[in-house]
Amino acid sequence: MPEKPAAEGASAQELSGGQILVAALLKQGVDRIHCVPGESYLAVLDALYDAPEIAVVSARHEGAAANMAEADGKLTGRPGICFVTRGPGAMHASIGVHTAFQDSTPMVLFVGQVARNARDREGFQEVDFRAAFAPVAKWAAEIESPERIPEYIARAFRTAMSGRSGPVVLSLPEDVLSEVVPAPTQAEAAVAAGAAPRAADLETLATLLGSASRPLVVIGGSGWTDESLATLLEFARRNELPLVSSFRRQDLVDNRHENYCGHLGLGADPSLAERVRSADLIVAVGSRLSENTTNGYSLLTPPVPRQPLVHVHPDPNELGRVYQPKLAVACRLADFGVALSSITISRASGRTVWLRAARDAYVRFSTPPASSQDYVDLAAVVGWLSDHLDEDAIVANGAGNYTVWVHRYFRYRRPRTELAPISGAMGYGVPAAIAAKLRHPDRQVVAFAGDGCFLMYPQEIGTAVQNRANLVILVVNNGIYGTIRMHQERRYPGRVVGTDILNPDFVALSRAHGAYGEKVDSTDAFPAAFHRATAAARPAVLELRVDPRQLSPTFRLQT
Ligand SMILES: Cc1ncc(C[n+]2csc(CCOP(=O)(O)OP(=O)(O)O)c2C)c(N)n1
Ligand SMILES: [Mg+2]
14 MPEKPAAEGA
24 SAQELSGGQI
34 LVAALLKQGV
44 DRIHCVPGES
54 YLAVLDALYD
64 APEIAVVSAR
74 HEGAAANMAE
84 ADGKLTGRPG
94 ICFVTRGPGA
104 MHASIGVHTA
114 FQDSTPMVLF
124 VGQVARNARD
134 REGFQEVDFR
144 AAFAPVAKWA
154 AEIESPERIP
164 EYIARAFRTA
174 MSGRSGPVVL
184 SLPEDVLSEV
194 VPAPTQAEAA
204 VAAGAAPRAA
214 DLETLATLLG
224 SASRPLVVIG
234 GSGWTDESLA
244 TLLEFARRNE
254 LPLVSSFRRQ
264 DLVDNRHENY
274 CGHLGLGADP
284 SLAERVRSAD
294 LIVAVGSRLS
304 ENTTNGYSLL
314 TPPVPRQPLV
324 HVHPDPNELG
334 RVYQPKLAVA
344 CRLADFGVAL
354 SSITISRASG
364 RTVWLRAARD
374 AYVRFSTPPA
384 SSQDYVDLAA
394 VVGWLSDHLD
404 EDAIVANGAG
414 NYTVWVHRYF
424 RYRRPRTELA
434 PISGAMGYGV
444 PAAIAAKLRH
454 PDRQVVAFAG
464 DGCFLMYPQE
474 IGTAVQNRAN
484 LVILVVNNGI
494 YGTIRMHQER
504 RYPGRVVGTD
514 ILNPDFVALS
524 RAHGAYGEKV
534 DSTDAFPAAF
544 HRATAAARPA
554 VLELRVDPRQ
564 LSPTFRLQT
């Protein structure tokens, strides 16, 4: 390898803003960034030239790069990192920031900004990022001098991870990055601060649970540890408590466990919704009890739900935000699960029957029916993958009705194996899966994408090929924005507007990028095609031809 040329203008004691920034990232343990390059942050790219510990994944679209960073944050529990350029790059990337916000995922978006002397003159591509990102970031700031970069990075990482995790946006004026100053002192890697539950709260919880005969524990949120989840599961087993996951948090506990009773949110089992309504105690742990999880704030009604509510959340500001709980516990989820091992609850009558009924209903609901179609039956495909994927396989998806089959028939087994946007952002699944495959090259990674969802970032197949991220993408092709078509049929029957998609040849498109591509026309052909896809030793795309009339597992067009 040729000797690397030295960075311009810096001596041992003097560093450019870009070098200070990269040194700060190294201190935080950053080993990968996701980006689309821009001339606004050249000095950072140049500093990365000398930092081989940090992999640079250069995507085709900032929306994809930001989704990759968000997924990396979901998988690692540390902030996923994205770099983009000024107005156009940052606005493209905003979707990933919004998803990190709604999904409570630690993430830091760095944005190259105009130089300080162009600011407030509407310089080229200038945007006030503090204002632009205010509603979707935990903190959005601009760094005004290279000396203060370590301070901003340390705060950004701590903010992204503490309390309710979320995204931070840091804007970097171009001349702050290129200015050379004496090397400032760096901070150590940030550790999320947090609280353990109080003994008195745990006692109250034990009393409430002890007198409930129809309790439901709704789990969700981010910041769990494997240990905390394992203790929670054991607590639920010992005390016959049904565990229900909030929208798109189905991987928190092993779905095969006798206490797992299904998920709430879009496409949830109506009988589970009924169970929430008739529960005599809801213990929500980590979940915000969002609009989707509560069926539009109807399963529990604000401000005081009819069912007594215990709400446990890392952010005290979330407690009582919509629902006034009987008991509010502000603590880290990592500590909550573990603390449960120290409490004992008395045995109320009826709980065994209540749990058994909920579990049986879940098993019935999540068992694919016998397939009887000419097309690919998505229920059968998801059921097959659920039975055949490795224990630690990662399954990603975006938004669309195809996800209803995924969430219904896939039995998630391990924490951090579900990459699914609680924000409901189309296009999330493929970039998220690429990030997952780069983070865990030895694990199977499968992305589900509707045809509409896939076409948000089809070009990212190229990023996967370039980075040897050998994932399998399943494009669920029904030729329509099926979800919206379903809503049209319900609200405005027979009046189809804007929901047909003229699709490209997905196989040719995949091959053009250097990926493996194959079309699957029938359910029976899927297993062999999947084996060929995983054996291809490169990213693979399987186009699944599904019945366009079957808009959801339960909604079928008659014409
Ligand atoms: C970025 C984004 N744009 C628009 C929407 C609204 N939307 C939700 S689902 C959907 C259609 C999804 O189509 P497809 O991926 O083909 O899945 P299908 O519903 O057909 O299974 C649309 C347009 C969204 N959720 N996200
Ligand atoms: Mg579709």
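Per our numbering, the very first residue in the sequence shown carries number 14; after that it's consecutive.
We put the beta carbon where it would ideally sit given N, CA and C, even for glycine.
Measuring CB to CB, does residue i end up less than 8 Å from residue j?
i	j	result
R360	A292	no
G109	N130	no
V230	L254	yes
A68	S29	no
F96	C48	yes
A433	L484	no
D387	A209	no
A374	D282	yes
P92	V121	yes
V554	A542	no
A56	E75	no
D400	R456	no
G299	G396	no
A203	A167	yes
R261	G275	no
N516	D560	no
E431	Q263	yes
A392	P566	yes
T244	S354	yes
L221	L294	yes
L489	A525	Sequence inspection shows Val at residue 489; the Leu mentioned does not correspond to that position. It is not a contact, given that the beta carbons lie outside the stated cut-off.
V607	F142	Residue 607 is absent from the model: the chain starts at 14 and stops at 572.
A147	V181	no
S178	P119	yes
Using CA coordinates, which residue listed in the options is at the minimum distance from residue i?
i	options	result
A205	A173, Q386 and A525	A173
G176	A243, E331 and R143	E331
A528	T567, F568, G475 and I156	G475
V35	T112, A200 and T357	A200
R551	R504, I358, G463 and V458	V458
M439	T112, L487 and L218	T112
V43	Y54, T89 and L522	T89
P101	E155, T118, A145 and V70	A145
R481	T496, S71 and R424	S71
L402	A383, E287, R426 and P382	R426
N414	T365, T496, D518 and S436	T496
Whole-angstrom Cβ separation of residue i and residue j, contact assumed at under 8 Å?
i	j	result
V636	L285	A question about residue 636 goes unanswered here, because the residues of the chain that appear run from 14 up to 572.
G280	R498	Actually they do not touch by this definition, with Cβ atoms about 16 Å apart.
A352	P329	Going by Cβ atoms, the distance from A352 to P329 rounds to 17 Å, so no, they are not a contact pair.
L242	G350	6 Å
A103	V140	6 Å
Can you tell me the Cα-Cα spacing of residue i and residue j, whole angstroms?
i	j	result
P444	E473	7 Å
P15	E52	With a pLDDT of 44 at P15, under the threshold of 50, the modelled position of this residue cannot be trusted; read the value that follows with caution. Cα-Cα distance, rounded: 25 Å.
R558	N491	7 Å
V389	W418	12 Å
W237	V509	44 Å
T572	I493	15 Å
R269	S235	21 Å
P316	S385	46 Å
T416	T314	27 Å
T357	N305	32 Å
R171	G309	33 Å
D63	C466	37 Å
L2	A409	Residue 2 is absent from the structure shown; the chain starts at 14 and stops at 572.
R452	P65	16 Å
V520	L38	39 Å
F568	R504	14 Å
R290	P338	16 Å
G442	E556	15 Å
A370	T380	16 Å
Y336	E187	45 Å
W367	D214	25 Å
A477	A212	49 Å
Does the CB of residue i have a neighbour CB from chain B at under 8 Å?
i	result
L302	Among the chains in the structure shown there is no chain B, since it carries only a single protein chain.
Under 7 Å from any heavy atom of ligand 3, does the C-beta of residue i make it?
i	result
A433	In terms of ligand content, the structure shown lacks ligand 3 and carries ligand 1 and ligand 2 instead.
Counting beta carbon pairs with one atom in the stretch 129-143 and one in the stretch 159-166, are three or more of them shorter than 8 Å?
no
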